[in-house]
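Trainee: Chains as they are written, first to last, in UniProt numbering: chain A, 1 to 279; chain B, 1 to 279. Quick reminder that beta carbons are idealized off the backbone N, C-alpha and C, glycines included. My questions will all concern the structure given below.
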DNA sequence: GTATTTATGAAATATTATTTCTTTTACGAC
DNA sequence: GTCGTAAAAGAAATAATATTTCATAAATAC
């Protein structure tokens, strides 16, 4: 899908004088145009309906109605959805707002997250003999997900909230530590990062803040949705969780593709095991 | 902006037989409808154009063209992104596809999930003395999230994968059991549902399939993304997880608003506790 | 300044949507 | 079952809208 507004903008110089008037009006008031018919728009701009239709044909194979439909697809900006969820909102409004927020968070994460960092992290995991992961609170859920995903492809990951146990684990070579902390300020995580470095163990961190204390202590930082608004919102709790899970999924995917055939076989085998013994 | 798909889903029961056929077709193929005219759609569905138009008037003040425009605003379009993630895809393509899929999943969940069921579930939780939750595999992660969220507002929830322990817990009155199972076919969950009912304990289930065995054994079913494609996709693993977490979040939200002031105070208090003792 | 191309609008036409009106179907009471 | 009534659905008429045609005007070239 290419943007019709963008395409108008690009071609506007090549349009005739009257067509250009129409094109400019569309650029300026796309939202309004959606609820106009060709005649009304022609009147408004001071040209004939034929001109409007002619321009429309240049922009969309489906003529003027097609232009309206495309505009509608691009112009879905209801400002109210940007807003925080309000305790007085009925559930259907909450749903709409959340849908919007989650989409926004994933989009942001796609922008912020560095592909190369993901690949490097996946490689570290692949080469390590042992993998340890730690997260507290909501992040412990993400750590558990990470563990599940990697076990399924034959890469056992230790996930525990027992920091002493982790400290023991990362005191030997060929190990990698994955820390998960939304804020990047959890004291326990920072301590673990220090211990890891004392033993020359690389640290991968999943966090929303590139500038956080933990990020500075990490070898690879996987940053999700690094926006300021993140801080103040109730909905941030769930959207951050989703962003973190999303990062884990991409990491898992990257690991998977490093040796696809072998790993695909392992996934098949593991679901086979479950079906055989538990169904 | 009211979602037209959501509104169709909500009202579909109140439509007449022929209207319902049209409505169902729109729900199933919104993208296709956008490039159809009323006659074509009528033909395709096997009703008269008048029926299509009558339904359109119920859905949009601007009649059938209005419906198409609204559908266009709601329906993300790029077909290539519908595709399954391919092991040969570079990470940036994976990101795009996933962004699309996640958005789609949340959108679908918004349509499928019944607001009233959520409210009833929240009420059950509120009235219960004890809440138990169970999920296996990826669903255990969702159960853990549910536990965390509710503990934070002073509603302790027992989450464990020890089915014997849960069986003990649900053998007494004033208890509610929340089962989480993507497929709705997990044997352990079904067993727990049976036990609960023997003791007159209500069962709330979070699943993707309204027709699953577990759904049939449940008092309240919270259905997320009830689409068939769900089955066959690798990405479904993560998107289902997100859909489930999203349902939990809405449930939590619904619970929260039932007694907002009190609960808001509890949230404040709980984050205060964390800051006081752990920072 | 004239010829030729290009742009434009008015009117004719085609398409699409909508309404009206008739027929059919469903539902109850007997 | 059958009659009566109401709701639903379709066919056809009408209205709205989009599109094309064609005549004319403006711009450009020579």
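Skipping 5 residues on each side, what residues in its chain have a beta carbon closer than 8 Å to that of residue 30 of chain B?
Mentor: Cβ neighbours of residue 30 of chain B beyond the five flanking positions: 5, 71, 74, 75.
Trainee: Using a Cβ cut-off of 8 Å, pull out every chain B residue sitting near residue 250 of chain A, in sequence order please.
Mentor: Residues of chain B passing the Cβ test: 91, 94, 95, 98.
Trainee: Does DSSP put residue 203 of chain B in a helix, a strand or coil?
Mentor: The answer is strand: DSSP assigns residue 203 of chain B an E or B state.
Trainee: Flag residue 107 of chain A as yes if its beta-carbon sits less than 8 Å from any beta-carbon of chain B, otherwise no.
Mentor: True, the Cβ-Cβ gap to chain B drops below 8 Å.
Trainee: State yes or no: is the C-beta of residue 64 of chain B within less than 8 Å of the C-beta of residue 44 of chain B?
Mentor: Cβ atoms of residue 64 of chain B and residue 44 of chain B: not closer than 8 Å.
Trainee: Rounded to whole angstroms, what is the Cα-Cα separation between residue 51 of chain A and residue 49 of chain B?
Mentor: If I take the Cα positions, the gap works out to 31 Å.
Trainee: Go through its chain and collect everything with a Cβ distance to residue 233 of chain A's Cβ below 6 Å, but skip five positions before and after it.
Mentor: Only weak support exists for where residue 233 of chain A lies, its pLDDT of 45 falling under 50; the value from the coordinates is given anyway. Result list for residue 233 of chain A: 84, in chain order.
Trainee: To which residues of the same chain is residue 12 of chain A closer than 8 Å at the C-beta, ignoring the five residues directly before and after it?
Mentor: Around residue 12 of chain A: 20, 23, 24, 27.
Trainee: Are the CB atoms of residue 249 of chain A and residue 105 of chain A within a distance shorter than 8 Å?
Mentor: Against a cut-off of 8 Å, the Cβ pair of residue 249 of chain A and residue 105 of chain A comes out as no contact.
Trainee: Please identify the residue among A:165, A:202, A:161 whose C-alpha is closest to the C-alpha of residue 186 of chain A.
Mentor: Among A:165, A:202, A:161, the Cα nearest to that of residue 186 of chain A is on A:161.
Trainee: For the candidate residues A:238, A:222, A:221, whose alpha-carbon lies nearest to that of residue 148 of chain B?
Mentor: Measuring from the Cα of residue 148 of chain B, the nearest candidate turns out to be A:238.
Trainee: Using only alpha-carbon positions, find the residue among B:114, B:16, B:176 that is nearest to residue 58 of chain B.
Mentor: It is B:16 whose Cα lies nearest to the Cα of residue 58 of chain B.
Trainee: Going by beta-carbon coordinates alone, are residue 133 of chain B and residue 143 of chain B separated by less than 8 Å?
Mentor: Closer than 8 Å, so yes.
Trainee: For residue 223 of chain B versus residue 176 of chain B, is the C-beta spacing smaller than 8 Å?
Mentor: Cβ distance not < 8 Å, so residue 223 of chain B and residue 176 of chain B don't count as in contact.
Trainee: What residues in its chain sit with their C-beta under 6 Å from that of residue 163 of chain A, if we drop five residues either side in the sequence?
Mentor: Same-chain partners within the cutoff: 188.
Trainee: If the cut is a Cβ gap below 7 Å, which residues of chain B does residue 33 of chain A touch?
Mentor: Those do not exist, as residue 33 of chain A stays about 11 Å from chain B at its closest Cβ, beyond 7 Å.
Trainee: Measure the beta-carbon distance from residue 145 of chain A to residue 245 of chain A and round it to whole angstroms, keeping in mind my assumption that it falls under 8 Å.
Mentor: With a Cβ gap of about 6 Å, residue 145 of chain A and residue 245 of chain A count as contacting.
Trainee: Apart from the five residues just before and just after residue 202 of chain B, which ones in its own chain have a Cβ nearer than 6 Å to its Cβ?
Mentor: Once the five neighbours on either side are set aside, the close Cβ partners of residue 202 of chain B are 124, 176, 219.
Trainee: Skipping 5 residues on each side, what residues in its chain have a beta carbon closer than 8 Å to that of residue 54 of chain B?
Mentor: 19, listed in sequence order.
Trainee: Quick one: which chain B residues come within Cβ less than 9 Å of residue 118 of chain A?
Mentor: Ordered by position in chain B, the residues that pass the 9 Å Cβ test against residue 118 of chain A are 91.
Trainee: Below 8 Å on the Cβ atoms is my contact criterion, and I expect residue 139 of chain B with residue 184 of chain B to pass it. Report the Cβ-Cβ distance as a whole number of Å.
Mentor: Incorrect: roughly 10 Å between the Cβ atoms, too far for contact.
Trainee: Check each residue of the region 138 to 162 of chain B: if its Cβ is closer than 7 Å to any Cβ of chain A, include it; give the result in chain order.
Mentor: So the close ones are 138, 141, 144, 145, 148.
Trainee: Taking Cβ positions only, does residue 217 of chain B come closer than 8 Å to chain A?
Mentor: So, not an interface residue.
Trainee: Please look up how many angstroms separate the CB atoms of residue 284 of chain A and residue 171 of chain A, rounded, as I've assumed it's under 8 Å.
Mentor: Any question about residue 284 of chain A goes unanswered here, given that chain A covers just 1 to 279.
Trainee: At a Cβ cut of 8 Å, what residues of the region 61 to 78 of chain A count as close to chain B, listed as they run along the chain?
Mentor: Listed by position, the residues of the region 61 to 78 of chain A near chain B (Cβ gap below 8 Å) are 62, 65, 68, 69, 70, 72, 73, 75, 76, 78.
Trainee: For residue 285 of chain B, report the span of its alpha helix (DSSP H) as first-last.
Mentor: No information on residue 285 of chain B is available, as it lies outside the stretch 1 to 279 that chain B covers here.
Trainee: Run down chain A in chain order and give the residues with a C-beta less than 7 Å from the C-beta of residue 166 of chain B.
Mentor: Those within 7 Å of residue 166 of chain B in chain A number zero; the least Cβ separation is about 17 Å.
Trainee: Output the boundary residues of the beta strand (DSSP E) element that contains residue 41 of chain B.
Mentor: Where residue 41 of chain B is concerned, there is no enclosing beta strand (DSSP E), although the alpha helix (DSSP H) it sits in stretches over 38 to 45.
Trainee: Thinking just about the alpha-carbon of each residue, which of B:193, B:154, B:152, B:180 is nearest to the one in residue 282 of chain B?
Mentor: Past the boundaries of the shown model lies residue 282 of chain B; chain B is included only from 1 to 279, so the question cannot be answered.
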